[in-house]
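Number of protein chains: 2
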Amino acid sequence: MTADTLSLEDTMRRLGLRARAAADALAQAPTEAKNRALTEAAREIRAQAAEIAAANAADVADATAKGVSGALLDRLTLDAARIEAMAAGLEAVAALPDPVGRSLARWSRPNGLDIERVAVPLGVIGIIFESRPNVAADAGALCLKSGNAAILRGGSESHRSVRAIHRALAVGIKAAGLPEDAIQAIPTTDRAAVGILLTMDDTVDVIVPRGGKGLIERVSRESRIPVFKHLDGINHTYIHSGADAAMARAVTLNAKMRRTGVCGATETVLVDRAALGSHLPGVLDALIGAGCAVRGDAEVRALDPRVAPASDADWDTEYLDAIVSVKAVAGLDEAVAHIAAHGSHHTDAIVTGDAAAAEAFLNAVDSAIVLVNASTQFADGGEFGMGAEIGISTGRFHARGPVGLEQLTSYKYKVRGTGQTRP
Amino acid sequence: MTADTLSLEDTMRRLGLRARAAADALAQAPTEAKNRALTEAAREIRAQAAEIAAANAADVADATAKGVSGALLDRLTLDAARIEAMAAGLEAVAALPDPVGRSLARWSRPNGLDIERVAVPLGVIGIIFESRPNVAADAGALCLKSGNAAILRGGSESHRSVRAIHRALAVGIKAAGLPEDAIQAIPTTDRAAVGILLTMDDTVDVIVPRGGKGLIERVSRESRIPVFKHLDGINHTYIHSGADAAMARAVTLNAKMRRTGVCGATETVLVDRAALGSHLPGVLDALIGAGCAVRGDAEVRALDPRVAPASDADWDTEYLDAIVSVKAVAGLDEAVAHIAAHGSHHTDAIVTGDAAAAEAFLNAVDSAIVLVNASTQFADGGEFGMGAEIGISTGRFHARGPVGLEQLTSYKYKVRGTGQTRP
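Line by line, the protein sequences give chains A and B. Position in the first sequence counted from 1, then plus 230, gives you our numbering. Position in the second sequence counted from 1, then plus 230, gives you our numbering.
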C-alpha cells in the first residue's frame, strides 16, 4: 500500500507513531545537535528564500482570487524581511539555554534516598495554526530546542508556504543527525485531519492552537489531549488615586495604543473617583489625541463631551482596536471586583504611588500577569526575558502566562539509593 | 423553587458557581485560618466518630445486602482506627507548609521591570472517587490547604459515610471563618451528576479521579476539564550484571512483595544474562519463599523448575497480585528497550554497582520515577517527603509522579515597574 492509498486516519496514526519515535530520540539529543539543527535550518531558509517566496506568492494569489481580506492577506504574506526574521528567530532559539535536563529540585530523605526532579521534554506537540506561515518556523524551533517532536498543521490557505518552510527545517534537522520526523507537517489540507489529530492521545501529548477564537474554541471542545489555551485578553489598567498623573497618562496610552491588536492591549480603564478630575483629563487627551474612540460611564462622560456612552456589553468586550471603555470606581475593592466580574484573567495593571495598594492589587487580582506601574503590553515572553514564546496561556494547568522553552517541558524524578527497601 | 425541584443540571451548575466563589475567597485565606479549619475538622471527626461509624455501618449493610465482594467491602468499611487515621491525616496536612504564595522565581529585566512568579491555587478541584470514603477527608484537606475549593463525589455505595465526613469538615471550615462552600459534597447519588461535572469547565479547573481503571478511563474520555490521570503501574526492577547479589535479592523482594496491590509494586523483573546464574537463584528463592508465583522466559525456566512459562501478555500485565514475570536481557540497552515497549512510564528501577550504568538508566528510562538501588514501592508522596499526596500522575502535563500540595497550585506573575512603557 502506498502513502496515496492510505486512508486519512491511517496517515495520521502513522504520523503520530513516527513523531513518538522521534520524540524518544530527541529527548536524549545533546544540546549541540539541537542548536546545529536550528542554525543549519536558518542557513537553509536564507538559501531557499526565493523558493519560499515563490511558494508564498502562489498561496497569496490563490487567497486573493478567493477574495480574502486585507488583514488576513497581510498575515499570510511572507516578504523578504519576514523570511529573514524567521531565520533570525531560529538562531535566537539556538542561542537560548537548553531547558531539558535542568535540575529543578533535589533533596535527601532520612533513609538516605536522594531525590531529584529533572526537566524532560513533554513529548509530541501538535501545533495547529491559521494564516501566518512563519509560525511553522517559530513554533517548530521552540519544540525542537525543548526536545519535543512537532506535528505542524497550518491553515489550508498557507499550505505551500508551510511546506516550503518545513523543507528548510528538515534540511537543518538532517544536517545535525537528528530524526527527520522531529518536525513533521501534515501532508494534506483536509480539514478532517485536525479532528483526527485531536483524538491521538496515545501519541500526542499537547496541542497548541495558534489563531482566532473560533479555532481555539473548536480545539478545546474536541481535543482529548491537553491544550495550551489562549482565550480572550480583556485587560484593565486601573488608575489609583495615589497614581502620578503623568505616569498614568503615559502608561495608559501605551497599554491601549502601542498596538491595539495584541492580546496584552488594555481594553478597559478604571479610574478612582478621587482621581477623575486630577488624572483622567490628561489620559483622555492622550488617548483621543492618538485616535482612540472612548466609551465611558456617566461620570466619565460628564468630564469630557468627546466620550461616547458605554453599554453593558462594553465591559466584556475585547476590542483589539482603537476603542477603550472607561469607568469610575470608588476605590481598589471596586476595581478588583470589576476585574473579577468582567476580566479574562489575562493581564491587568494598577498605576499607583501607594505601595500598600500596589501589593493589595497584585495579590487580589487573579490574572496570569498582574502589573504595577507598567504597561499591560509587556505581556509577552520576549519582554519577560524568555527569549521567545509559543503563546500565552490563559489556562491554569501546567503553564500560565507566556509559554517559553521551560514551559514546554515536563519532569521526572531520579531517585538514587544504596539498597533501600520500604518498611 | 426549592432545591428539590431544581433539575440535576441546575443543581450542579449552582454547586459549581458556589465553589468558584469559595475558591476566590480561599485563594486569599491566611495560612492560620486554613490550618485552624483542618485541626477543628479533625477534632470534629473524633467528636462525631460514633455518628460516622453508624453512617458507615448503614452503607456497609446496604452493600452486603447487594452481595458486594470482600475487597470492596473492606475498602468501604470505616473502623475506629480508620476514623482516627482520617483525623490524624487532617492534622498532618495542617502541619505542612502552605504552598500558596511561594515565590517560585524572580528576576529583573534591563528596563527595570521586576518579574516574580508566585504560586496560587488551581481554583476548583472535582474529586471523583469510588468506595473508600476516607478519600473525602484526605483529598478535601489537601485541596483546602492548597487554597482550592473542592467538589467531592464519592461512590454511591458510600454516600452516607461521605455525608457524615463532610459534615465534620464543614464544622471545621465554619469554625475557622472560611466559606462553607470550600468543600462541597454532591448531594445526589445520581450517576448523571458525574457526567455534568465533567463538562463544567467554566467553574471547575481540575478533575482528580481516584479509583479503578474503569473510572479513570471514563473520566479521561468524557472530561472537558484537565484531569490528573493515573493509569497503570507496569513497573520493572532491572538487575544489572554489576549489581550486588544480596541487594538485588532484598530490593526485588521488597519491590514485588511488600504490598502487591499498590501502584508502585514491581510487575516484571529483568535480569542481565551475565547475572542469571549468580544473581537470579537468590531472587527466585526469596520471591517464591514469600509466596510469589513466578512466570519466566525459557532461560529463566531453565534455571528453576518452579518457574511457569510467561506468555506474551505477561509483559504487558499489571498483576497487582503475588505474581511476577521474569525475563533475561542482553544488557542495559535491551532492558531500556523492553521498558519502553512494555512499561507504563510509572516507576522503574535498576540495581547496579556500576555508576555509569545507573546514570544511563536514569536518563534513558522515560518514567515518572526512575530509581537506582531502591525499591519501586517508594513511589509515594509520603516517601518523597511531600507529607501527603492526592495521587500519582502518569500524565506529563502540569504534574508527573506524586501529586502533593505544591502540585495542586498554579502560578501568576507579579510585575513591578516604575512607569515603564513598551517601545
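Note that the Cβ used here is the ideal one computed from N, Cα and C, for glycine as well. Since the structure is predicted, the reported quantities are computational estimates derived from the model, not experimental observations.
Within the region 487–512 of chain B, ranges of the beta strand (DSSP E) (whole runs, at least 3 residues): 496–502
Beta strand (DSSP E) segment containing I455 (chain A), residue limits: Careful: I455 (chain A) lies outside any beta strand (DSSP E) and carries neither H nor E.
Span of the alpha helix (DSSP H), counted from its first residue to its last, around L601 (chain A): That residue, L601 (chain A), is in no alpha helix (DSSP H); its beta strand (DSSP E) goes 599–604.
Option in A:G526, A:R397, A:G649, A:T651 with minimal Cα separation from A271 (chain A): A:R397
Cβ contact check for the region 252–264 of chain B and the region 367–380 of chain B: 3 or more pairs under 8 Å: yes
Nearest candidate by alpha-carbon position, reference T505 (chain B), set B:T496, B:M487, B:A516, B:D474: Note that residue 505 (chain B) corresponds to Ala in the displayed sequence, not to Thr. Answer by Cα proximity: B:D474.
Endpoints, the alpha helix (DSSP H) within which R273 (chain A) is located: 261–277
H466 (chain A): first and last residue of the uninterrupted beta strand (DSSP E) it sits in: 465–469
Neighbour list for M477 (chain A) in chain B, Cβ cutoff strictly below 7 Å: G649
Beta-carbon proximity list for I553 (chain B), same chain, < 6 Å, skipping 5 on both sides: A523
Residue range of the alpha helix (DSSP H) that includes E564 (chain A): 562–572
Near the ligand GTP: A570 (chain A) beta-carbon under 6 Å from a heavy atom: Absence of the ligand GTP is noted for the structure shown, with no ligands found whatsoever.
Backbone CA spacing between D610 (chain B) and I622 (chain B) [nearest angstrom]: 7 Å
Bridge-paired residues (DSSP) for D578 (chain B): B:H466, B:V600
Residue-level contact to chain B via CB, S605 (chain A), 7 Å cutoff: yes
Host alpha helix (DSSP H) of R531 (chain B) (start-end): 528–533
Same chain, Cβ closer than 6 Å to V602 (chain B), neighbours up to 5 away in sequence not counted: I580, A588
Segment contact flag, the region 629–640 of chain B with the region 517–531 of chain B, C-beta cutoff 8 Å, min 3 pairs: no
Below-7 Å beta-carbon distance, D328 (chain A) vs any chain B residue: no
The beta strand (DSSP E) enclosing I358 (chain B), as first and last residue numbers: 354–359
Three-state class that DSSP yields for D309 (chain B) in the structure shown: coil
Boundaries (first-last residue) of the alpha helix (DSSP H) holding K404 (chain A): 389–405
Nearest neighbour of G625 (chain B), chosen from A:D368, A:V436, A:G319, A:I413 [CA to CA]: A:V436
Limits of the unbroken beta strand (DSSP E) element including D344 (chain B): 344–351
Beta-carbon proximity check, H470 (chain A) vs T582 (chain A), cutoff 7 Å: yes
Exposure label - R652 (chain A); buried when at least 16 CB within 10 Å: buried
Chain-ordered neighbours of Q258 (chain A) on chain B, where CB pairs are closer than 8 Å: N593, A594
Under 7 Å from the C-beta of Y641 (chain B): neighbouring residues of chain A: R630
CB contact check: F627 (chain B) to chain A, cutoff 7 Å: yes
Contacts of D435 (chain B) in chain A (Cβ-Cβ under 9 Å): G625, R626, F627
Burial state of A342 (chain A) (16 or more Cβ within 10 Å): Rather than Ala, the amino acid found at residue 342 (chain A) in this sequence is Gly. G342 (chain A) should be labelled exposed.
A349 (chain B) vs V330 (chain B) beta-carbon contact at 7 Å: yes
Supposed contact pair G512 (chain B) and T606 (chain B) - C-beta distance, whole angstroms, cut 8 Å: With 8 Å as the limit, T606 (chain B) and G512 (chain B) do not qualify as a contact, their Cβ atoms being about 19 Å apart.
Start-to-end residues for the alpha helix (DSSP H) that takes in V424 (chain A): 422–427
Three-state secondary structure assigned by DSSP to I437 (chain A): strand
C-beta atoms of L592 (chain A) and K296 (chain B) nearer than 7 Å: no
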